[in-house]
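Asker:
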Amino acid sequence: MIHNATASPAKWRLKQPSIIPGFGLTLGFSLAYLSLIILIPVAGLLWRTAGLGWSGFFAVLTDRRTLDALYISFGTAFLAALVNVVFGTVVAWVLTRYNFPGRRLIDAIVDLPFALPTAVAGIALAALYAPNGWVGSLFMPFRIAFTPLGIVVALVFIGLPFVVRTVQPVMEELDREVEEAAATLGANRFQTISQVILPGLTPAILTGFALAFARGVGEYGSVIFIAGNIPYVSEIAPLLIVIRLEEFNYAGATAIATIMLIISFVMLFIINLIQAWNRRRYGNV
Amino acid sequence: MEVTINNIRKEFDRFPALNDVSLNIASGELIALLGPSGSGKTTLLRLIAGLDFPTSGKIFFGDQDASHHSVQERNVGFVFQHYALFRHMTVAENIGFGLKVRPAASRPPKTEIRRRVSELLDMVQLGGLEKRYPNQLSGGQRQRVALARAMAIEPRILLLDEPFGALDAKVRKELRRWLREFHDRTGHTTVFVTHDQEEALELADRVVVMSQGKIEQVGSADDVYDRPGSPFVFSFIGESSQLPVEVREGTMLFQGQPIGIAEAGDGAGELFFRPEDVALVDAPDALFGKVTACRRLAGTRIAEIDIANEGHAPYHVEVEVPLHAPIELGSETRFRPTRWKVFRK
Ligand SMILES: Nc1ncnc2c1ncn2[C@@H]1O[C@H](COP(=O)(O)OP(=O)(O)O)[C@@H](O)[C@H]1O
Ligand SMILES: [Mg+2]
Chain A
17 MIHNATASPA KWRLKQPSII PGFGLTLGFS LAYLSLIILI PVAGLLWRTA GLGWSGFFAV
77 LTDRRTLDAL YISFGTAFLA ALVNVVFGTV VAWVLTRYNF PGRRLIDAIV DLPFALPTAV
137 AGIALAALYA PNGWVGSLFM PFRIAFTPLG IVVALVFIGL PFVVRTVQPV MEELDREVEE
197 AAATLGANRF QTISQVILPG LTPAILTGFA LAFARGVGEY GSVIFIAGNI PYVSEIAPLL
257 IVIRLEEFNY AGATAIATIM LIISFVMLFI INLIQAWNRR RYGNV
Chain B
5 MEVTINNIRK EFDRFPALND VSLNIASGEL IALLGPSGSG KTTLLRLIAG LDFPTSGKIF
65 FGDQDASHHS VQERNVGFVF QHYALFRHMT VAENIGFGLK VRPAASRPPK TEIRRRVSEL
125 LDMVQLGGLE KRYPNQLSGG QRQRVALARA MAIEPRILLL DEPFGALDAK VRKELRRWLR
185 EFHDRTGHTT VFVTHDQEEA LELADRVVVM SQGKIEQVGS ADDVYDRPGS PFVFSFIGES
245 SQLPVEVREG TMLFQGQPIG IAEAGDGAGE LFFRPEDVAL VDAPDALFGK VTACRRLAGT
305 RIAEIDIANE GHAPYHVEVE VPLHAPIELG SETRFRPTRW KVFRK
C-alpha cells in the first residue's frame, strides 16, 4: 500500500556541469585567482625551502628551538580553539535564545577582535594580564602574561568571533519544534541539549573550531606583546620565522613556514573529512 | 485517557488566541479540531500537551488536574506538523529516543528498546528502514516515523497537528485511512488538528469546529453537517447560501416578498440552505433569479443564480438541479429551500 523510496546510491563522480551558463568561465576564474593568491606564493615557499636540501630541512625541523616553537604555536592555538568552542557556543546561545537589554551591544562587541588591530589587542591584554595589571595581579603569584597561558588568552580573544559567527546562524535556524518533540518524549533539558541540539550544531562548531584554530596558528601581532617571547618557553613559530629572517637566514625561515603549512593543511584536511562524513550521514537539508 | 478542558483562556500579548474553551474528550475517542487557519487549533493542542500553559482555566487528565504538570510529566504523544524528527538520528534511534531518555529506574534494557522499536516499525509499516536517516525518507514515511516515535512512550493521549498537511493528495488519502485503522487497532485517545473538513468529517468520531479562538460546535459528522449550530458552522462546513430574511406572521419574507416557506417566530435573521436542499418550483411566492453559470458536479449539476431586484442589494446563490432539468443560461429560475435554517440577528 505504501511505497518505500529507494535511496539513491552515493557514488563518487565528477560534478555534473549544470545548465546554468558560465561554468567554464567561473571555474577558470576561480582557479586562476586561487593560483595567483594562494598556490603561487605557496609554491615559492616550497621552492625556497628546497634550497636547503633534505638534510638542511631536517636540521631545521629537529632543532629544539623550532620544535618548541611549533609545539607552543599549535598547542596554544588548539587550547584556545577548544576554549572558544565552549564559550563561543555559549555566547551564540545567549545571543540567539534570550532577549535582554544590551543584547545588540554584546552582539556588536563580539566582532571587536575582528576589527581591532591585533597589536592594540596584544598591548591591552598584556597590560591587563601582566603581574601588576588589573587581572594579572589577582592571580599572583600565578603568572598569566609572559607565559604560554598568556598566548592562550590572546588567541581566545582573537578567535572568539570565528566560533560565535559560524554557530550563531545555524543556531538561529534550529527548529524549536525539535526541542519540543524531545520534551514531549520525556527528555529533560540537559538530555535535549546534549542529545538533540548539540549534535545538530556539530558541523558548525567544527567549522568554527577550524577557523579559530587556523587563525590562532597564524596570529602574530597580539601574541608577541603578551607572550614574553622566551625561546623554548613562550616563543611562537611565526616569531621564530621573523627572527630567522632578521638573521638573513631565508631558507631557515621558509623551512619553518613549510612545516607549519604542512601541519595546518593536514589538520584542516582532517576537519574537512569529518565534515564531509557528517554531511553524508545526515544530508544537508 | 479521558481529558477534560475547563474554561481555558490563552492570551499572547493580550490577544486571546483561545477564549473560554471547554471540551470533554472521552477515552478512546478520535476527535478532530477543525477550523480555519488562526482559529486556535494548534494553541489548544499545545495546551493539552503542556507545551504552553493557559492564561486561565484547567486541564484534567482523568480526574487529575494536569494544568501545572510539565510536558514531560504529562506523557503525551505529539506529532508535529513538520514531523520535527531528529535529523542526526536514524529511524530506529528516533523511535527509541523516548525510551532511551527515561530515568535509569524505568528505562528498559537495550535489547527491550530494540524489540519495541522494531515492533513499532512494523506497526507503521516501515520495517527494514531502521538504519535510514530522516532525510532519506519520503514525506509520508517521515510522518509515520514521527507517529511511531510518539507511540513509543506509550502516551496517555495522542495529539497530531495537521498530520497530513504537508503531503500530496494521494498519500494523504492513504494515510488518512491508515490512521483510522491504526486508531481502531490501538484504541488510543487521539486528537488531531486539520483545516480540511473532508478529513475531519471522514476520520473523526467527533468534530470540534473552531473559529476565532472559540468552539463553535462539537458533534458527529452528521451533527455538524446536518444540524449546524451557528452561521459560522453552516457556512464553513459544506456548501451553503445565505440570504437576509424577515419572518412576519409565520411566513418568510425576502426583500419584502414572501418566498413560500413557513417559519415560526417573527423577526429578522439570516436564512441558510445547502445547494442540495433546494427544489425548483413554479409558483409566484418563491426565490427567483437569473442563472449565470452551470457546473457539472459528479452526478448532479450546480446552477449559480444571481438575485438582483431593483432597489435591493444583489445576492448570489448556488443550487443543485437535476441533470435533466431544463435550465438555460440567462433564464429566470424560481426555487425554494426544502431544508433550511434561520439564524436570528
Ligand atoms: N507564540 C505565539 N505568539 C503570538 N501569537 C500566537 C502564538 N501562537 C499563536 N498565536 C496566535 O494565536 C492565534 C491562533 O493560532 P493557532 O493556534 O496557531 O491557529 P491555527 O492552528 O488554528 O491555525 C493566531 O492568531 C496566532 O497568530
Ligand atoms: Mg495550526
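Chains A and B supply the protein sequences, listed in that same order. For the record, in the first sequence the residue sitting at position 66 is 82 according to the working numbering, with numbers rising by one throughout. For the record, in the second sequence the residue sitting at position 201 is 205 according to the working numbering, with numbers rising by one throughout. Positions of the beta carbon are idealized from the N, C-alpha and C atoms, including for glycine.
By the three-class DSSP mapping on this structure, what secondary structure does Phe292(B) have?
Answerer: Working through the second sequence from its first residue, we reach residue 292(B) at position 288. It is a strand residue.
Asker: Which residues have a Cβ closer than 5 Å to any heavy atom of ligand 1, listed in chain order?
Answerer: Phe16(B), Ala21(B), Ser41(B), Gly42(B), Ser43(B), Gly44(B), Lys45(B), Thr46(B), Thr47(B)
Asker: Does any CB atom of chain B fall closer than 8 Å to the CB of Leu190(A)?
Answerer: Sequence index remark: in the first sequence, residue 190(A) carries index 174 (1-based). Closer than 8 Å to the CB of Leu190(A) there is not a single CB belonging to chain B.
Asker: Mind pulling the chain B residues with CB within less than 7 Å of Pro215(A)?
Answerer: Position 199 of the first sequence, counted from the first residue, corresponds to residue 215(A). The contacting residues are His92.
Asker: Three-state secondary structure (DSSP) at Ile160(A)?
Answerer: Position 144 of the first sequence, counting from 1, holds the residue named residue 160(A). Three-state DSSP puts Ile160(A) in coil, outside helix and strand.
Asker: Chain B partners of Val101(A), CB-CB under 7 Å?
Answerer: As a first step, residue 101(A) must be located in the first sequence, where it is residue number 85. Those within 7 Å of Val101(A) in chain B number zero; the least Cβ separation is about 18 Å.
Asker: Once the 5 residues before and after Val212(B) are set aside, which same chain residues still bring their CB inside 7 Å of it?
Answerer: If you number the second sequence from 1, residue 212(B) lands on position 208. Leu27, Ile35, Ala36, Leu37, Leu38, Ile219, Val222.
Asker: Taking Cβ-Cβ distances shorter than 8 Å, what residues in chain B pair up with Leu207(A)?
Answerer: In the first sequence, counting from the first residue as 1, residue 207(A) sits at position 191. Checking the sequence shown, residue 207(A) turns out to be Gln, not Leu. Those within 8 Å of Gln207(A) in chain B are Val105.
Asker: When the distance is taken between beta carbons, is Leu222(A) closer than 8 Å to Thr82(A)?
Answerer: Translated into positions along the first sequence, residue 82(A) becomes position 66. Translated into positions along the first sequence, residue 222(A) becomes position 206. The answer is no: Cβ separation not under 8 Å.
Asker: Residues of chain A with CB closer than 8 Å to the CB of Val80(B), please, in chain order.
Answerer: As a position in the second sequence, residue 80(B) is number 76, starting the count at 1. Those within 8 Å of Val80(B) in chain A are Thr200.
Asker: For Arg338(B), which of helix, strand or coil comes out of DSSP?
Answerer: Stepping through the second sequence from its first residue, residue 338(B) is reached at position 334. In the structure shown, Arg338(B) sits in a strand (DSSP, three-state: E or B).
Asker: Would Ala267(A) pass as a contact of Gly118(A) if the rule is Cβ separation under 8 Å?
Answerer: Residue mapping note: residue 267(A) aligns to position 251 of the first sequence, counting from 1. Residue mapping note: residue 118(A) aligns to position 102 of the first sequence, counting from 1. Taking 8 Å as the Cβ cut-off, Ala267(A) and Gly118(A) do not qualify as a contacting pair.
Asker: Going by the DSSP bridge assignment, what does Gly273(B) pair with across the sheet?
Answerer: Stepping through the second sequence from its first residue, residue 273(B) is reached at position 269. Residue pairing from DSSP places Gly273(B) in a beta bridge opposite Val249(B), Arg348(B).
Asker: Measuring alpha carbon to alpha carbon, tell me which of Ser244(B), Ala290(B), Leu284(B), Glu280(B) ends up nearest Ala266(B).
Answerer: The residue given as residue 266(B) occupies position 262 in the second sequence. For Ala266(B), the nearest C-alpha among the options comes from Ala290(B).
Asker: Is Glu193(A) close to chain B? Criterion is C-beta to C-beta, closer than 8 Å.
Answerer: For this step, residue 193(A) is matched to residue 177 along the first sequence. Yes, its Cβ sits closer than 8 Å to a Cβ of chain B.
Asker: Once DSSP output is grouped into helix, strand and coil, what is the label at Glu314(B)?
Answerer: Within the second sequence, numbered from 1, the residue matching residue 314(B) stands at position 310. Looking at Glu314(B) - three-state DSSP - the assignment turns out to be coil, as it is neither helix nor strand.
Asker: Give me whichever residues DSSP pairs with Phe3(B) in a beta bridge.
Answerer: Since the first residue of chain B shown is 5 and the last is 349, residue 3(B) is not available in this structure.
Asker: Closest Cβ-Cβ distance between Trp344(B) and chain A: below 8 Å?
Answerer: Here residue 344(B) refers to the residue found at position 340 when the second sequence is read from its first residue. No, its Cβ sits nowhere closer than 8 Å to a Cβ of chain A.
Asker: Check the DSSP bridge columns for Met214(B) and list the partner residues they point to.
Answerer: In the second sequence, the residue the question calls residue 214(B) occupies position 210. Paired residue(s): Ile219(B).
Asker: How is His187(B) classed by DSSP in three states: helix, strand or coil?
Answerer: By one-based count along the second sequence, residue 187(B) stands at place 183. Reduced to three states, the DSSP call for His187(B) is helix.
Asker: Just to confirm before moving on: does the CB-CB distance between Ala156(B) and Gly102(B) stay below 8 Å?
Answerer: Counting from 1 along the second sequence, the entry for residue 156(B) is found at position 152. Counting from 1 along the second sequence, the entry for residue 102(B) is found at position 98. It is a contact, given that the beta carbons lie within the stated cut-off.
Asker: Give the C-beta separation of Val239(A) and Ile167(A) to the nearest angstrom, bearing in mind that I take them to be a contact with Cβ-Cβ under 8 Å.
Answerer: Sequence index remark: in the first sequence, residue 239(A) carries index 223 (1-based). Sequence index remark: in the first sequence, residue 167(A) carries index 151 (1-based). Sure, about 5 Å apart at Cβ, within 8 Å.
Asker: Mind checking His192(B): buried by the 16 CB within 10 Å criterion, or exposed?
Answerer: One-based indexing of the second sequence puts residue 192(B) at position 188. By the neighbour-count rule (16 or more Cβ atoms within 10 Å), His192(B) is buried.
Asker: In chain order, which continuous runs of the beta strand (DSSP E) of length 3 or greater are located wholly inside the stretch 26-94 of chain B?
Answerer: 34-38, 60-65, 80-83
Asker: For ligand 2, is there a heavy atom less than 7 Å away from the beta-carbon of Asp200(B)?
Answerer: Taking the first residue of the second sequence as 1, we reach residue 200(B) at position 196. Because no heavy atom of ligand 2 lies under 7 Å away, the Cβ of Asp200(B) does not count as near it: no.
Asker: Answer with yes or no whether the minimum CB distance from Gln76(B) to chain A is below 8 Å.
Answerer: Mapped onto the second sequence, residue 76(B) falls at position 72. By this cut-off, Gln76(B) is an interface position.
Asker: Can you have a look at Ser9(A) and say buried or exposed, based on whether 16 or more other CB atoms are within 10 angstroms of its CB?
Answerer: In the structure as shown, chain A starts at 17 and stops at 301, and residue 9(A) therefore has no counterpart that could be examined.
Asker: Can you tell me whether Glu185(B) sits near ligand 2, meaning its C-beta is under 7 Å from at least one heavy atom of the ligand?
Answerer: As a first step, residue 185(B) is located in the second sequence; it is residue number 181 there, counting from the start. Not under cutoff, so the answer is no.
Asker: Could you check whether Lys62(B) and Asp56(B) sit closer than 8 Å to each other, using their CB atoms as the reference points?
Answerer: Taking the second sequence and counting its residues from 1, one reaches residue 56(B) at position 52. Taking the second sequence and counting its residues from 1, one reaches residue 62(B) at position 58. Not closer than 8 Å, so no.
Asker: From what residue to what residue does the beta strand (DSSP E) around Glu15(B) run?
Answerer: Here residue 15(B) refers to the residue found at position 11 of the second sequence. Counting along the chain, Glu15(B) sits inside the beta strand (DSSP E) bounded by residues 7-16.
Asker: Is the beta carbon of Asp69(B) within less than 7 Å of some heavy atom of ligand 2?
Answerer: The residue you call residue 69(B) lines up with position 65 of the second sequence. No, Cβ of Asp69(B) sits at least 7 Å from all heavy atoms of ligand 2.
Asker: Which whole-angstrom value is the C-beta distance of Trp344(B) and Leu275(B), which I expect to be below 8 Å?
Answerer: For the purposes of this step, residue 344(B) is identified with residue 340 of the second sequence, where counting begins at 1. For the purposes of this step, residue 275(B) is identified with residue 271 of the second sequence, where counting begins at 1. 6 Å between Cβ atoms; contact.
Asker: Nearest chain B C-beta to Ala26(A) closer than 8 Å, yes or no?
Answerer: If you number the first sequence from 1, residue 26(A) lands on position 10. Because the pLDDT at Ala26(A) is just 49, under 50, the model does not fix this residue reliably, and the point stays unresolved.
Asker: Mind checking if Val212(A) is an interface residue toward chain B, Cβ cutoff 8 Å exclusive?
Answerer: Here residue 212(A) refers to the residue found at position 196 when the first sequence is read from its first residue. Yes, because at least one Cβ of chain B sits closer than 8 Å to the Cβ of Val212(A).
Asker: Cutting at 8 Å between CB atoms, please list the residues of its own chain near Ala21(A), excluding the five before and the five after it.
Answerer: By one-based count along the first sequence, residue 21(A) stands at place 5. Since pLDDT at Ala21(A) reaches only 43, below the 50 mark, its modelled position is unreliable, and no value is offered.
Asker: Please state the DSSP three-state secondary structure of Asn139(B).
Answerer: The count along the second sequence starts at 1 and reaches residue 139(B) at position 135. Note: Asn139(B) maps to helix in three-state DSSP.
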